[in-house]
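Engineer: Take a look at this one; I'll ask things after.
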Amino acid sequence: MFRTGLHYLLAGGVVPNVLSSVLQPTPPMGFNDWSAFMCGLNESVFVDTAHSMVDNGLLAAGYNRINLDDCWSSMERAANGSMQWNTEKFPHGLPWLTNYLKNLGFEPGIYTDAGNLSCGGYPGAYGHEELDAQTFASWGFTYVKLDGCNMPTGTEPEYKAVYGKWHSILSAMDPPLVFSESAPAYFAEAANLTDWYDVMTWVPKFGQLARHSRDTLVWNSTLYWPNIAVRLARFQRPGYFNDPDFLNVDHFDYTLDERKSHFAIWATLSAPLIISAWIPGLKAQEIEYLTNKEIIAVDQDPLALQATLVSQDGTFDVLTKNLANGDRLLTIINRGNQSASHSVSFSRIGIGSTPAVNVQDLWTGSQSYAKNQITASNIASHGTAIFRLSPIGKECEVIPTGVIFNTYSLTTLTTSHGQISWANSTGTDGQVWQTREDGTIRNIIDGGSCLTELKGGKVVLASCAGTTNQQWDYLYSGNVQSRSSYNCLTEEADEAVVTADCLYEDNIQVFGLPSGVAIVED
Ligand code: GLA
């Protein structure tokens, strides 16, 4: 197997023998009505969906949650202040529905909003937190999605206080309810990302998953928006998952290859797999890939790592991460408009000296053998190749390897002709870095040179000498801190790579590093 160091286990956040104490050790899987039905939800949507998921194998494959989204309630609270369901949409009532779903083998979840009104204009929970949590539990729900529309003032401290209150309530219940937090999404598109980064530092402490950015498309929309999950890999750990939103796999505007990519990318990220589609209407080919055991196993891998970028060249995005049994994942997305092949060298995905690896294609199950590099042949336009790699023969070391990029500007640490700079991603070897256990950062072209902080703050590549000005710590804040000056790696406006006084989660000092790097918690 691939061998990883102690730091690597620490990077996972929790060692496997304590996983059982975590409420949601692997990403939740299931169904939510929103993308397919929006406010048109009703009892039969959930009943029919549940029966369909039993019959088509989705439940058996692990999709065991059925979550109601917005617009399930009446427009007014009851006289005693409690929420009440819309009796036209839910004629038998929600306790009846949760019981029905549980009898089929599902865990039911419900939606509410932290503010005064939900995003759809229904009563929000602000000021009613304790009562609403007790009501949802008494109706049989075991999971709460807390949206963040219509907060009284909308400041970051206010979100933190309200989400913290829900955390206290839900985590003290017996049994505790799973807490899905939408707070980060409300800060994701600001010109200054400090508040977004700040929210991301507390959501993992409060709940089990958090929506970090804009919604995936609802059924009739084509307003595409880039997914930005790759900026947040460091926050994920067993028990907490970054949530890039639903698998809207029946969207009319997606090709089959795009749907399969959607699923494979979410699994690569160990993201929640919550399908939002009309499940009874899904075709057999849809069910076939959604129940792919090998890809689900990657999503549900106990290390819970979010894969990180190895390279981005405008056509191919390459992602990698370690898996709990010592295997390595390799995912290659073809963003191009034609089918094409792509090769990735062992050194780019951090595989040290090993003669060869066994390559399992997770779509087909076919096994092959690779030496020095892995080639994905004829990846369809907008398709994704996904491989599980196991070394053949002796153990071999894996070094966290990939791009180092500013999660605001998206520029990438680059070495070219002896100069380092922050540059756009082009996919060259000069943009692929090893983050070693000894704290050094080395480009894969020249393992003898280390990222070095000079007096005055200039940063260069120089021969590795084992000194503290060549050792860096990756902090939970996203800062990369010198062990010599304790200053932080910084992107200056002219693309210069320097260190400067550490600022608080500032746009110019927050970076994404390869998955598996040790993270120093505050
Ligand atoms: C927001 C959320 C969606 C959905 C709607 C409901 O947009 O991000 O997931 O819950 O509100 O109104």
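Residues 1 to 522 in the UniProt record's numbering are what the sequence shown spells out, letter by letter.
Ideal Cβ positions, reconstructed from N, Cα and C, are used throughout, including at glycine.
On a predicted model such as this, the values are computed, not experimentally measured, just so you know.
So what does DSSP say about Tyr186, is it helix, strand or coil?
Structural biologist: helix
Engineer: Kindly indicate the opening and closing residues of the beta strand (DSSP E) around Thr490.
Structural biologist: 488-491
Engineer: Whose CA, out of Gly314, Asp301, Val359, Ile379, lies closest to the CA of Ser339?
Structural biologist: By alpha-carbon distance to Ser339, the top candidate from Gly314, Asp301, Val359, Ile379 is Ile379.
Engineer: Identify every run of the alpha helix (DSSP H) within the region 252-336, keeping only runs that are complete inside it and at least 4 residues long; order them along the chain.
Structural biologist: 256-268, 284-290, 293-299
Engineer: Does the beta-carbon of Gly120, which I'm using as the reference point, lie nearer than 7 Å to any heavy atom of the ligand GLA?
Structural biologist: Taking non-hydrogen atoms of the ligand GLA into account, the C-beta of Gly120 is found less than 7 Å away from one of them.
Engineer: With Ser72 as the anchor, note down where its alpha helix (DSSP H) starts and where it stops.
Structural biologist: Correcting the residue identity first, residue 72 is Trp in this sequence and not Ser. No alpha helix (DSSP H) contains Trp72, which DSSP labels as neither H nor E.
Engineer: Excluding the 5 residues flanking Glu491 on each side, which residues of the same chain have their C-beta closer than 6 Å to its C-beta?
Structural biologist: Asn406, Trp422, Ile508
Engineer: Under the rule that 16 or more other beta-carbon atoms within 10 Å means buried, what is Gly448, buried or exposed?
Structural biologist: exposed
Engineer: Okay, do the region 32-50 and the region 181-199 touch, 3+ Cβ pairs below 8 Å being the bar?
Structural biologist: no
Engineer: Any heavy atom of the ligand GLA closer than 7 Å to the beta-carbon of Trp34?
Structural biologist: yes
Engineer: Taking only three categories from DSSP, how would you classify Ser449?
Structural biologist: strand
Engineer: Which one of Val199, Trp278, Ser347, Gly239 has the shortest CA to CA distance from Val218?
Structural biologist: Looking at Val199, Trp278, Ser347, Gly239, the one whose alpha-carbon comes closest to that of Val218 is Trp278.
Engineer: Got a sec: does the ligand GLA put a non-hydrogen atom nearer than 7 Å to the Cβ of Ser182?
Structural biologist: yes
Engineer: Can you tell me whether His342 is helix, strand or coil according to DSSP?
Structural biologist: strand
Engineer: Applying the criterion that 16 or more other CB atoms from any shown protein chain within 10 Å of the CB defines a buried residue, is Leu269 buried or exposed?
Structural biologist: Around the beta carbon of Leu269, a 10 Å sphere encloses 16 or more other beta carbons of the protein chains shown; the residue is thus reported as buried.
Engineer: Decide if Thr222 is buried, meaning its Cβ has at least 16 other Cβ atoms within 10 Å, or exposed.
Structural biologist: Label assigned to Thr222: exposed.
Engineer: Assign Asn424 to one of two classes, buried (16 or more other C-beta atoms within 10 Å of its C-beta) or exposed (fewer than that).
Structural biologist: Exposed, because fewer than 16 other Cβ atoms sit within 10 Å of the Cβ of Asn424.
Engineer: Given that a residue counts as buried once 16 or more other Cβ atoms are within 10 Å of its Cβ, and exposed if not, what is Pro25?
Structural biologist: Burial is judged here by how many other beta carbons sit within 10 angstroms of a residue's own beta carbon; Pro25 has at least 16 and is buried.
Engineer: Three-state secondary structure (DSSP) at Cys396?
Structural biologist: strand
Engineer: Below 6 Å CB to CB, which residues in the same chain sit around Tyr8 once its five sequence neighbours on both sides are set aside?
Structural biologist: Reliability fails at Tyr8, whose pLDDT of 34 lies under 50, so the model's placement of it is uncertain and the value that follows must be treated cautiously. Correct list, in chain order: Gly516.
Engineer: Between residue 563 and the ligand GLA, is the CB less than 7 Å from at least one heavy atom?
Structural biologist: In this structure the chain extends from 1 to 522, so residue 563 is not present and cannot be described.
Engineer: Let me make sure I understand the geometry here. Which of Gly457, Gly314, Leu410 has the alpha-carbon closest to that of Ile228?
Structural biologist: Leu410
Engineer: With a CB to CB cut of under 6 Å and the five nearest residues on each side skipped, what residues in its chain are close to Val520?
Structural biologist: These residues qualify, in order along the chain: Asp473, Leu475.
Engineer: Distance, Cα to Cα, Ser477 vs Ala297?
Structural biologist: Roughly 30 Å between the two C-alpha positions.
Engineer: Quick check: is any heavy atom of the ligand GLA less than 7 Å from the C-beta of Arg65?
Structural biologist: no
Engineer: Can you say whether Pro28 is buried or exposed, counting buried as having 16 or more other CB atoms within 10 angstroms of its CB?
Structural biologist: Flag for Pro28 reads buried.
Engineer: Do Asn242 and Gln306 have their C-beta atoms within less than 8 Å of each other?
Structural biologist: Yes, these two residues count as a Cβ contact at 8 Å.
Engineer: Compute every distance between the C-beta of Arg211 and the non-hydrogen atoms of the ligand GLA, then say whether any falls below 7 Å.
Structural biologist: It does: the Cβ of Arg211 is within 7 Å (strictly closer) of some heavy atom of the ligand GLA.
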